[in-house]
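**Student:**
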Amino acid sequence: MEAEFIALAATGKEVEWLRDLMMDIPFTANNVSTVSIHCDSQAILARAYSGVYNEKSRHISIRHEYVRQLIQYGIISISFVRSSGNLADPFTKPLTRDLVRITSRGM
């Protein structure tokens with residue numbers, strides 16, 4: 887779970903960097919919309935939206951506070967997506983036979 891939260895904080899840094907880049911380009915509008923990040927872990931969602939962290943996770947408290955600030959300022963929003971609808975799962979988990987057929991159909 888901590889690795890997923892560290893990945894969420896790193897994604898938040900990338901989103902903030904891209905948002906700052908978009909704000910520096912004079913041809914874009916100054917109001918850049920909130921970036922929606924999809925996560926398949928409800929525990930990460932609960933930790934990101936809560937202001938409490940326990941003693942075990944104190945070493946990631948800086949990342950926790952950073953993600954909470956990004957949510958509070960409207961830079962990112964985190965939403966739950968089921969594992970079956972997660973686009974990154976085929977890259978990180980073993981594929982079922984049906985999923986191999988579906989993904990290789992267009993080749």
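Read in order, the letters of the sequence shown correspond to residues 887 to 993 in the numbering used here. Ideal Cβ positions, reconstructed from N, Cα and C, are used throughout, including at glycine.
Can you round the beta-carbon distance between Met-887 and Ile-930 to whole angstroms, since I take them to be within the 8 angstroms contact cut?
**Tutor:** Residue 887 sits at position 1 when you count from the first residue of the sequence shown. Residue 930 sits at position 44 when you count from the first residue of the sequence shown. Rounded, the Cβ-Cβ distance is 7 angstroms, consistent with contact.
**Student:** Is the beta carbon of Glu-890 less than 7 angstroms from the beta carbon of Ser-927?
**Tutor:** Here residue 890 corresponds to residue number 4 of the sequence shown, with the count starting at 1. Here residue 927 corresponds to residue number 41 of the sequence shown, with the count starting at 1. Contact: yes.
**Student:** Output needed for Ala-895: all residues of its chain with C-beta closer than 7 angstroms, excluding positions within five of it in sequence on either side, in chain order.
**Tutor:** Locating residue 895 in the sequence shown gives position 9, counting from the first residue. Here the set comprises Arg-949, Tyr-952, Val-953.
**Student:** Rounded to whole angstroms, what is the Cα-Cα separation between Asn-972 and Ile-911?
**Tutor:** Working through the sequence shown from its first residue, we reach residue 972 at position 86. Working through the sequence shown from its first residue, we reach residue 911 at position 25. Their Cα atoms are separated by approximately 32 angstroms.
**Student:** Based on the DSSP output, what are the partners of Val-921 in its beta bridges?
**Tutor:** Numbered from 1 along the sequence shown, position 35 holds the residue referred to as residue 921. Answer by DSSP bridge pairing, in chain order: Ile-962.
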